[in-house]
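Undergrad: For the sequence shown, the positions run 27 to 258 when my numbering is used.
In this text, a Cβ means the ideal position worked out from N, Cα and C, and glycines have one as well.
Bear in mind that the values here come from a model prediction, so they are computed numbers and not experimental data.
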Amino acid sequence: MKDLTAVRLRAVSKVYAGSAPIRALENVSLDITAGTLSLFEGPSGSGKTTLLSLIGGLDRPTNGHVTVFGAELGNLPERELVKYRQTQLGFVFQDFKLIDVLTALENVALALRLRGMRRRAALARARLVLEVLGVGSRCDSRPRDLSGGEQQRVAVARALAPQPRLILADEPTANLDSMTGTDVMEALKGVTHHRSTTVIVVSHDARIAPHADRVFRLLDGRLVENLTREAA
Ligand SMILES: Nc1ncnc2c1ncn2[C@@H]1O[C@H](COP(=O)(O)OP(=O)(O)OP(=O)(O)O)[C@@H](O)[C@H]1O
Ligand SMILES: [Mg+2]
27 MKDLTAVRLR
37 AVSKVYAGSA
47 PIRALENVSL
57 DITAGTLSLF
67 EGPSGSGKTT
77 LLSLIGGLDR
87 PTNGHVTVFG
97 AELGNLPERE
107 LVKYRQTQLG
117 FVFQDFKLID
127 VLTALENVAL
137 ALRLRGMRRR
147 AALARARLVL
157 EVLGVGSRCD
167 SRPRDLSGGE
177 QQRVAVARAL
187 APQPRLILAD
197 EPTANLDSMT
207 GTDVMEALKG
217 VTHHRSTTVI
227 VVSHDARIAP
237 HADRVFRLLD
247 GRLVENLTRE
257 AA
C-alpha cells in the first residue's frame, strides 16, 4: 500500500460562537493514511461530529488547517468545496438525512446521478449496493416506512455506491444489531481493501475497534489517544 496521507489536520480548533462559546475541538493534529479505516471514539459531546464536518468541508475550523488529498480545504472557494464533497466524498450522517419523498432505491441512485451516471445504470448499481447491505427487499419503500436500522443501511449504501475516495461515517452502526452492524462494518472495511478508499468512522460502538487500522480517542475536544493496530 502506498503510504499516502489522505487527511491531515494541523492544530485544528473549532469554537461555536454564542453567548457561551463552546470549544468543540482544541488543537487537534493528526494524519490518516489513504486506504485505511480509522475510528474516532469518545463520549457524547467530545467533538466527533464536529471533526467529521471539518474533514468533509461542511464547516470550517476556527483555527488550524485541514488538508484532504493534498488540498487545503481552507484555501478552496465554496464552489470547489461543493465539488470536493460531490466527487470525492461519501458521508453517512448521524441522522441519515435521507430524502423523504424518494424511495430507498431513488435515494441511493440520486447520489450516482449527481455524479453523472445514467439513470438505468444508477438504478441497477443502487439496487446492487442495497442488496449487499441486506436491504434489497426495501428498495421501493420511503425512508419513513423503514426501521431506524434499515434507514441507516440505506444511508451507508448511498455513501458507498459512488465509490468515493473518502467515506466519513457518523455512528453508522448505532441502530443495528450485532449481525447487521458487522455487515455494515465489513462493507466499509471491504472498500479500503478493494479500492484503497479511506474510511473514517465515528462511533461509541465497542464492536467497531477490531475492524479499525487506527483508533483515535477524543475527550472534551482534545485528542487523548492514538493507537495503531499492531500488524497481525
Ligand atoms: N452547530 C453547533 N452550534 C453550537 N454548538 C455545537 C454545534 N454543534 C456541536 N456543538 C457543540 O459542540 C460540542 C461537540 O459536539 P459534537 O456534535 O461534535 O459531539 P459528538 O462527539 O459528535 O457527540 P455525540 O456522540 O453526542 O454525537 C458539544 O458541546 C455540542 O453541544
Ligand atoms: Mg455526533
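Got a sec: does ligand 1 put a non-hydrogen atom nearer than 7 Å to the Cβ of T76?
TA: yes
Undergrad: Residues in its own chain within less than 6 Å of D57 by CB, not counting five upstream and five downstream?
TA: T31, R34
Undergrad: Quick one, which of V38, A185, Q178 has its alpha-carbon nearest R141's?
TA: A185
Undergrad: With G82 and F122 assumed to form a contact (beta carbons below 8 Å), what rounded beta-carbon distance in angstroms separates them?
TA: The pair is not a contact, with the Cβ atoms about 15 Å apart (cut-off 8 Å).
Undergrad: Does ligand 2 have even one heavy atom less than 7 Å from the beta-carbon of Q120?
TA: yes
Undergrad: Use the C-beta contact count for T129: other C-beta atoms within 10 angstroms, 16 or more gives buried, fewer gives exposed.
TA: buried
Undergrad: Which residue wins for smallest C-alpha separation from Q112, given the options L149, E132, A137?
TA: A137
Undergrad: Quick test of your reading: Q114 and L214, contact by CB under 8 Å. State the CB separation rounded to the nearest angstrom.
TA: Not quite, the Cβ-Cβ distance comes to about 17 Å (not below 8 Å), so this is no contact.
Undergrad: Return the CA-CA distance between S70 and L194, expressed in angstroms with no decimal places.
TA: 18 Å
Undergrad: Taking the beta strand (DSSP E) that H237 falls in, what are its first and last residues?
TA: Careful: H237 lies outside any beta strand (DSSP E) and carries neither H nor E.
Undergrad: Is S64 near ligand 1, in the sense that its beta carbon is under 7 Å from a heavy atom of that ligand?
TA: no
Undergrad: Evaluate P103 with the Cβ neighbour count: other Cβ atoms within 10 Å of its Cβ, from every protein chain shown; 16 or more gives buried, anything less gives exposed.
TA: exposed
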